[in-house]
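As structure tokens, the structure follows; a few thoughts come after it.
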């Protein structure tokens with residue numbers, strides 16, 4: 020177990036008890052933040068002095084359980100930053116392979132009560148835990164909620180007729196719906212990385228681009244051209260980006276994010292940059308040559324400027 024305290028001036032200790040949100044929290048979407056709100060509300064009502072946090076795994080469970088792990092919406096570092104911004108005090112990190120075979124009873128007794136000293140739990144209606152995911156919220160209510168301990172099980176958070184979930188966000192992003200995904204996330208889906216050198220074909224056409232690559236295991240949105248907002252060196256710019264394999268000028272294998280910033284003049288190589296995906300403009304396709312590609316980019320820029 021690793022304890023990450025978000026309170027730098029007064030580090031968190033769990034010996035006196037704590038309140039925990041349980042879940043995987045990929046994306047830290049509006050449904051997850053509803054859990055955080057419930058944890059804070061329950062603490063005010065019943066356990067006012069408890070430090071409040073989350074239980075997380077250092078790697079996604081599907082990285083261990085599946086030959087094709089689920090692409091992630093957030094890295095662990097991003098997840099921790101978003102949870103801290105939501106006002107919680109700490110995160111408890113566990114190595115999933117080390118505890119995946121615990122029975123639900125052992126997970127409750129040894130981990131939640133024995134190691135975390137939890138007095139208050141909040142989880143979603145479909146939360147599962149323990150070996151083969153056999154543990155349910157009912158098990159928590161029956162086994163954990165004793166001797167003054169509290170469990171709150173949250174109902175689904177809805178977006179129209181649909182339950183907000185990380186899976187739904189992924190489906191929206193891979194379906195070319197970044198606007199809808201942003202509504203569920205509470206912010207645009209974004210890629211942060213350091214700009215790498217490219218082949219400078221865009222520069223030759225008058226559209227110099229900054230190249231980012233998607234980290235291994237992270238979700239790649241639908242291939243195509245997007246209207247984006249770019250943050251770099253403390254400034255924000257509008258622009259367009261192409262997500263995909265650049266079939267007109269490339270061998271069609273390596274996926275990257277190639278971004279043209281509007282009204283920017285400077286060198287971005289090596290700098291950290293965040294690209295936020297706002298609106299899908301068109302699917303990626305192969306053109307007959309660079310002249311046709313350049314003409315399409317001009318149309319893409321015009322459409323994006325109209326969007327902004």
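Residue numbers (the working numbering): 20 to 327. All C-beta atoms, glycine included, are put in the ideal place defined by N, C-alpha and C.
Secondary structure at residue i, three-state DSSP: helix, strand or coil?
| i | result |
| --- | --- |
| residue 196 | coil |
| residue 320 | helix |
| residue 112 | strand |
| residue 146 | coil |
| residue 56 | helix |
| residue 191 | helix |
| residue 174 | coil |
| residue 336 | Past the edges of the chain, shown from 20 to 327, lies residue 336, and the structure says nothing about it. |
| residue 64 | helix |
| residue 159 | helix |
| residue 21 | strand |
| residue 167 | coil |
| residue 91 | strand |
| residue 36 | coil |
| residue 71 | strand |
| residue 208 | strand |
| residue 236 | coil |
| residue 138 | strand |
| residue 326 | helix |
| residue 107 | coil |
| residue 133 | helix |
| residue 203 | helix |
Nearest by alpha-carbon distance to residue i: which of the options is it?
| i | options | result |
| --- | --- | --- |
| residue 323 | 285, 97 and 248 | 248 |
| residue 215 | 49, 50 and 289 | 289 |
| residue 173 | 320, 55 and 101 | 55 |
| residue 20 | 74, 30 and 27 | 74 |
| residue 184 | 305, 83, 301 and 92 | 92 |
| residue 239 | 291, 129, 155 and 208 | 208 |
| residue 85 | 246, 273, 151 and 212 | 151 |
| residue 276 | 162, 117 and 213 | 213 |
| residue 197 | 176, 180, 293 and 241 | 241 |
| residue 87 | 236, 260 and 251 | 236 |
| residue 293 | 260, 325 and 61 | 260 |
| residue 262 | 282, 226 and 301 | 301 |
| residue 27 | 53, 108 and 82 | 108 |
Between residue i and residue j, what straight-line distance do the alpha-carbon atoms span, to the nearest angstrom?
| i | j | result |
| --- | --- | --- |
| residue 47 | residue 310 | 43 Å |
| residue 76 | residue 115 | 6 Å |
| residue 36 | residue 135 | 7 Å |
| residue 264 | residue 303 | 8 Å |
| residue 78 | residue 95 | 8 Å |
| residue 99 | residue 110 | 7 Å |
| residue 51 | residue 193 | 21 Å |
| residue 244 | residue 230 | 14 Å |
| residue 286 | residue 296 | 22 Å |
| residue 126 | residue 70 | 21 Å |
| residue 10 | residue 280 | Because the chain here runs from 20 to 327, residue 10 falls outside it and cannot be looked at. |
| residue 22 | residue 187 | 30 Å |
| residue 33 | residue 119 | 23 Å |
| residue 312 | residue 203 | 34 Å |
| residue 153 | residue 128 | 15 Å |
I'd like to know if residue i contacts chain B, where contact means its C-beta is closer than 7 Å to some C-beta of that chain.
| i | result |
| --- | --- |
| residue 127 | Considering every chain present, this structure includes no chain B. It has just one protein chain. |
What is the residue span of the alpha helix (DSSP H) that residue i lies within?
| i | result |
| --- | --- |
| residue 100 | 95–104 |
Can you name the start and end residues of the beta strand (DSSP E) that residue i belongs to?
| i | result |
| --- | --- |
| residue 84 | Unbroken run through residue 84 is the alpha helix (DSSP H), 80–84; no beta strand (DSSP E). |
| residue 248 | 243–251 |
| residue 231 | 229–231 |
| residue 294 | 291–302 |
| residue 122 | Segment: none, residue 122 is in no beta strand (DSSP E) and carries neither H nor E. |
| residue 277 | 275–280 |
| residue 259 | 254–263 |
Any heavy atom of the ligand GTP closer than 6 Å to the beta-carbon of residue i?
| i | result |
| --- | --- |
| residue 194 | Among the ligands in the structure shown, none appear at all, so the ligand GTP cannot be discussed. |
Query raised in the report: Is the number of C-beta pairs between the region 60–67 and the region 157–172 that are closer than 8 Å three or more?
Result: Cβ pair count under 8 Å is three or more, so yes.
Query raised in the report: Is the region 135–150 close to the region 33–49, with three or more CB pairs under 8 Å?
Result: Result yes; three or more Cβ-Cβ pairs closer than 8 Å.
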